[in-house]
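Participant: Take this structure first; my questions come after.
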Amino acid sequence: MKIIPCGTEHFEELVSFVVRLNSDDAHHIGFFGEGEADVRSSLAECLIPPAEGFQLAYDAEQLVGVFGVDADPEISRAWLFGPLVEHADWHSVADELYAASLKAIPDGISEQDLFCDSKNSNLADFAERHGFPVRSENAVVTLERADYKKPAFHESQFSIVDYSPEFFEQFERCHNLLFPTTYFTARQIVEKLDSTRRLFLGLENGSMKGYHFCKVEPDARSGYIDFIGVDEAMRGRGLGATLLATGIDWMLSCPETERISLTVNADNVAALKLYNNFGFVTERVMRAYRKKGSNV
Ligand SMILES: CC(C)(COP(=O)(O)OP(=O)(O)OC[C@H]1O[C@@H](n2cnc3c(N)ncnc32)[C@H](O)[C@@H]1OP(=O)(O)O)[C@@H](O)C(=O)NCCC(=O)NCCS
């Protein structure tokens with residue numbers, strides 16, 4: 009077995025291998041997304057370039073495994089892209105790749121995340137052997153353009169506006185309360201805003217009561233909902249539905265968008281009901297693992 013870093017000359021081979029294996033539930037790793045365009049954009053978004061963060065395993069010149077790391081020192085977390093292995097000795101290949109990949113994790117990272125389809129039993133065994141507890145089960149829900157149905161809801165009492173800096177403090181407070189341990193801080197979200205990523209705010213009497221952060225990825229022909237949330241005291245009055253409809257209408261106004269997806273905790277009944285009302289269906293159930301500690 010030969011383990012080598014993914015130099016630029018191996019990049020296309022890496023992409024083909026990931027696209028092929030990731031389409032199989034038994035191998036699927038969530039961080040890569042679905043299909044070639046998703047895989048390419050996930051790799052392009054890595055803070056650690058794949059040439060530094062990804063390792064490849066070869067057996068007799070045949071690519072048999074891929075494992076990558078990405079990490080954000082600001083939130084002290086690493087995301088493990090793999091292991092994706094096609095070999096009779098799955099676990100030995102995965103362990104060798106993991107050992108090599110650990111070297112790419114910068115100092116000061118205290119959490120490592122794994123994220124896979126719940127049918128990926130090899131990864132479940134890998135996680136247990138390496139001390140990664142299950143954190144949550146998440147549903148990946150998808151809306152095909154043709155299935156969009158806007159349910160009846162009361163929207164006139166709220167105004168929906170694009171984010172502007174005067175709302176930063178309210179937005180940050182709300183985001184930290186609703187998603188205290190998530191992957192983007194409020195500051196990171198507002199710094200990402202451009203023609204492909206929008207942050208909609210729901211206002212009542214000039215005060216921010218909810219938000220929706222979503223993006224379009226024309227190359228992947230898709231839209232993605234990162235966060236939608238409503239102040240607890242305001243729930244059940246139609247603001248979530250209003251924010252969701254506004255974001256979906258915008259994402260579908262991009263002619264390339266064929267489908268919209270998101271990941272939500274599988275036991276989040278309120279959110280799943282909201283999405284189902286709009287025509288979203290559960291595509292797969294994912295399992296998230298997180299190992300914590302100063303020595304990870
Ligand atoms: C999910 C959330 C955004 C819904 O916001 P909301 O303003 O309360 O939603 P709405 O009042 O617009 O309700 C829309 C629909 O959602 C469903 N829903 C909302 N709250 C619900 C609950 N507690 N139980 C079951 N269904 C619920 C209903 O189908 C409702 O439509 P209906 O009243 O016509 O049946 C809100 O609960 C929230 O912020 N939760 C915490 C953050 C979160 O989990 N976000 C989603 C993960 S990305």
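Adding 8 to a residue's 1-based position in the sequence shown gives its number in our numbering. Think of the CB as a built atom: it goes at the ideal place given N, C-alpha and C, for glycine as much as any other residue. Just so you know, these numbers come straight off a predicted model, no measurement behind them.
1. Once DSSP output is grouped into helix, strand and coil, what is the label at Gln70?
2. Glu119 to Ile56, Cα distance in whole Å?
3. Mind checking who Ser215 pairs with in its DSSP beta bridge?
4. Under the DSSP definition of a beta bridge, which residues are partnered with Lys10?
5. Can the beta-carbon of Tyr219 be found closer than 9 angstroms to that of His183?
6. Kindly indicate which three-state DSSP category Thr271 falls into: helix, strand or coil?
7. Helix, strand or coil: which one does DSSP assign to Cys222?
8. Pair every Cβ in the stretch 273-293 with every Cβ in the stretch 90-103, then say whether three or more of these pairs are closer than 8 angstroms.
9. Skipping 5 residues on each side, what residues in its chain have a beta carbon closer than 6 angstroms to that of Leu186?
10. With DSSP as the reference, label Phe175 as helix, strand or coil.
11. Closest to Gly5 by C-alpha separation, out of Asn276, Ser31 and Pro159, would be which residue?
12. Would a C-beta distance cut-off of 9 angstroms place Asp125 and Asp67 closer than the cut-off?
13. Please report how far the alpha carbon of Lys300 lies from the alpha carbon of Ile117, in whole angstroms.
14. Among Val149, Asp46, Phe123 and Phe179, which has the Cα closest to the Cα of Asp239?
15. If I measure Cβ to Cβ from Glu264 and keep anything under 7 angstroms in the same chain, skipping five residues before and after, which residues do I get?
16. By how many angstroms is the C-alpha of Phe288 removed from the C-alpha of Ala147?
17. From what residue to what residue does the alpha helix (DSSP H) around Gly61 run?
18. I'd like the span of the beta strand (DSSP E) that includes Asn146, first residue to last.
19. State the DSSP-derived secondary structure class of Ala86, mapped to helix, strand or coil.
Facilitator: Let me lay it out:
1. Strand at Gln70.
2. Near 16 angstroms, if we compare the C-alpha coordinates of Ile56 and Glu119.
3. Answer is Glu212.
4. Tyr66, per the DSSP bridge assignment.
5. Between Tyr219 and His183, the gap from beta carbon to beta carbon is short of 9 angstroms.
6. Reduced to three states, the DSSP call for Thr271 is strand.
7. Cys222 falls in the strand class under three-state DSSP.
8. Using a C-beta cut-off of 8 angstroms, the stretch 273-293 makes no contact with the stretch 90-103, since fewer than three inter-stretch Cβ pairs fall below that distance.
9. Sequence-distant partners of Leu186 (beyond 5 residues in either direction) whose C-beta falls short of 6 angstroms from its own C-beta, in its chain, are Gly237.
10. Judged by DSSP in its simplified three-state form, Phe175 adopts helix.
11. Since the displayed the chain opens at 9 and closes at 304, residue 5 lies outside it and no answer follows.
12. No, these two residues do not count as a Cβ contact at 9 angstroms.
13. Counting only the Cα atoms, Ile117 lies some 9 angstroms from Lys300.
14. For the options Val149, Asp46, Phe123 and Phe179, the alpha carbon positioned closest to that of Asp239 is the one of Phe179.
15. Setting aside the 5 residues that flank it on each side, Glu264 is surrounded in the same chain by Pro226 and Arg229, each with a C-beta closer than 7 angstroms to its C-beta; the list follows chain order.
16. If you take the alpha carbons of Ala147 and Phe288, they lie about 11 angstroms apart.
17. Per DSSP, Gly61 belongs to the alpha helix (DSSP H) from Pro58 to Gly61.
18. Looking at the DSSP string, the run of the beta strand (DSSP E) that includes Asn146 is Val142 to Glu152.
19. Correct three-state label for Ala86: strand.
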